[in-house]
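Novice: Next up is a structure, given as structure tokens.
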Amino acid sequence: CLTWLDSQPSQSVVYLSFGSMGRFSLKQLSETAIALDASGVRFLWVVRNPLPDNGSQPLLGAEEPSLEEFLPEGFLDRTKDRGFVVKSWAPQVKVLNHDSVGGFVTHCGWNSTLEAVSAGVPMLAWPLFAEQKITRTFLVEEIKVALSVAESRDGFVNADDLKIRLTELMDSEEVKAMRERILAMKDRAVRATSDGGSSRVALAKLAATLQTR
């Protein structure tokens, strides 16, 4: 996928990934594909196998379906010139730091959140479970570096709403301001983790304290 990103314009690609545990129903995967198809945005989408109808996690060793089996008919062919779909995993830190990536649709896992901030990439927050809704509130309302999806009470996001949000993420005045804020945070993170930076100094102090005990 990195080679494909190399061929895309700067900050033109939205990256969608929902962590190692983030799985959607077949209906939600279909709605996401419909939104990407209709939005016209360039995208890199990490897709995991859909949840069974009962919502449980797939059994280990279960047969792996192909992308064509659970994405809408013709989707991969229609979007092949502006989209790239990968199964299960992508090198996320490298993807987020790639010049062509301009937005990140995320489940708001803490590692993913830190990686996006460190890369200076605005987010579309789509929490799935646990503390992720709290993280969304922090990203959207407190530090203002993310938009939020509009999900129903049961967590479902329809294609029309998602299409609007994808378009806003990649081309809106609100997100331009977000990009400035998150790039400033990126700069602070780089300074903090550089030689003599606050993070390095704090870690060294902690190590010294532990060694004296």
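Residue numbers (this note's numbering): -19 to 193. For glycine and all other residues, C-beta sits at the position ideal for the given N, C-alpha and C.
My output table needs one value for residue 126: the three-state DSSP class, helix, strand or coil.
Specialist: As a first step, residue 126 is located in the sequence shown; it is residue number 146 there, counting from the start. It is a strand residue.
Novice: Got a sec, what are the start and stop residues for the alpha helix (DSSP H) residue 92 sits in?
Specialist: Position 112 of the sequence shown, counted from the start, is the residue given in the question as residue 92. Taken as a continuous stretch (DSSP letters only), the alpha helix (DSSP H) holding residue 92 covers 90 to 99.
Novice: If contacts are defined as beta-carbon pairs under 8 Å, then residue -3 and residue 72 qualify, I think. What distance do you get, rounded to the angstrom?
Specialist: Within the sequence shown, residue -3 is the residue found at index 17, counting from 1. Within the sequence shown, residue 72 is the residue found at index 92, counting from 1. Going by Cβ atoms, the distance from residue -3 to residue 72 rounds to 6 Å, so yes, they are a contact pair.
Novice: In whole angstroms, give me the CA-to-CA distance for residue 116 and residue 108.
Specialist: In the sequence shown, the residue the question calls residue 116 occupies position 136. In the sequence shown, the residue the question calls residue 108 occupies position 128. Roughly 10 Å between the two C-alpha positions.
Novice: Alpha carbon to alpha carbon, how far is residue 22 from residue 63? Give it in angstroms, no decimals.
Specialist: Mapped onto the sequence shown, residue 63 falls at position 83. Mapped onto the sequence shown, residue 22 falls at position 42. So the alpha carbons of these two residues sit roughly 5 Å apart.
Novice: Could you tell me which residues DSSP pairs with residue 118 in its beta bridges?
Specialist: Reading the sequence shown from its first residue, position 138 is the one you call residue 118. In the DSSP output, where bridge partners are listed per residue, residue 118 has none listed.
Novice: Taking the Cβ atom as the reference point for each residue, do residue -17 and residue 16 lie within a distance shorter than 9 Å?
Specialist: Residue mapping note: residue -17 aligns to position 3 of the sequence shown, counting from 1. Residue mapping note: residue 16 aligns to position 36 of the sequence shown, counting from 1. In this structure, residue 16 does not lie closer than 9 Å to residue -17 by Cβ.
Novice: Please report the straight-line C-alpha distance between residue 124 and residue 67, rounded to a whole angstrom.
Specialist: Position 144 of the sequence shown, counted from the first residue, corresponds to residue 124. Position 87 of the sequence shown, counted from the first residue, corresponds to residue 67. Straight-line Cα distance between these residues: approximately 31 Å.
Novice: Are the beta-carbon atoms of residue -9 and residue 61 separated by less than 9 Å?
Specialist: Position 11 of the sequence shown, counted from the first residue, corresponds to residue -9. Position 81 of the sequence shown, counted from the first residue, corresponds to residue 61. No, these two residues do not count as a Cβ contact at 9 Å.
Novice: For residue 14, which residues of its own chain have a beta-carbon under 6 Å away from its beta-carbon, when the five flanking residues on both sides are left out?
Specialist: Along the sequence shown, read from residue 1 onward, the residue named residue 14 stands at position 34. Correct list, in chain order: 139.
Novice: Could you work out which residue in -6, -19, 137, 184 is closest to residue 194 when comparing CA atoms only?
Specialist: There is simply no residue 194 to check, as the chain begins at -19 and stops at 193 in what is shown.
Novice: Report the three-state DSSP secondary structure of residue -16 (helix, strand or coil).
Specialist: Translated into positions along the sequence shown, residue -16 becomes position 4. In this structure, residue -16 counts as helix in the three-state DSSP scheme.
Novice: Measure the C-alpha to C-alpha separation of residue 40 and residue 177 and round it to an integer number of angstroms.
Specialist: For this step, residue 40 is matched to residue 60 along the sequence shown. For this step, residue 177 is matched to residue 197 along the sequence shown. Note on residue 40: pLDDT 47, under 50, position unreliable in the model; no value is reported.
Novice: If you reduce the DSSP assignment to three classes, tell me which class residue 103 lands in.
Specialist: Counting from 1 along the sequence shown, the entry for residue 103 is found at position 123. DSSP places residue 103 in strand when its eight states are reduced to three.
Novice: Which residue marks the beginning of the alpha helix (DSSP H) containing residue 12, and which one marks its end?
Specialist: Numbered from 1 along the sequence shown, position 32 holds the residue referred to as residue 12. Per DSSP, residue 12 belongs to the alpha helix (DSSP H) from 6 to 19.
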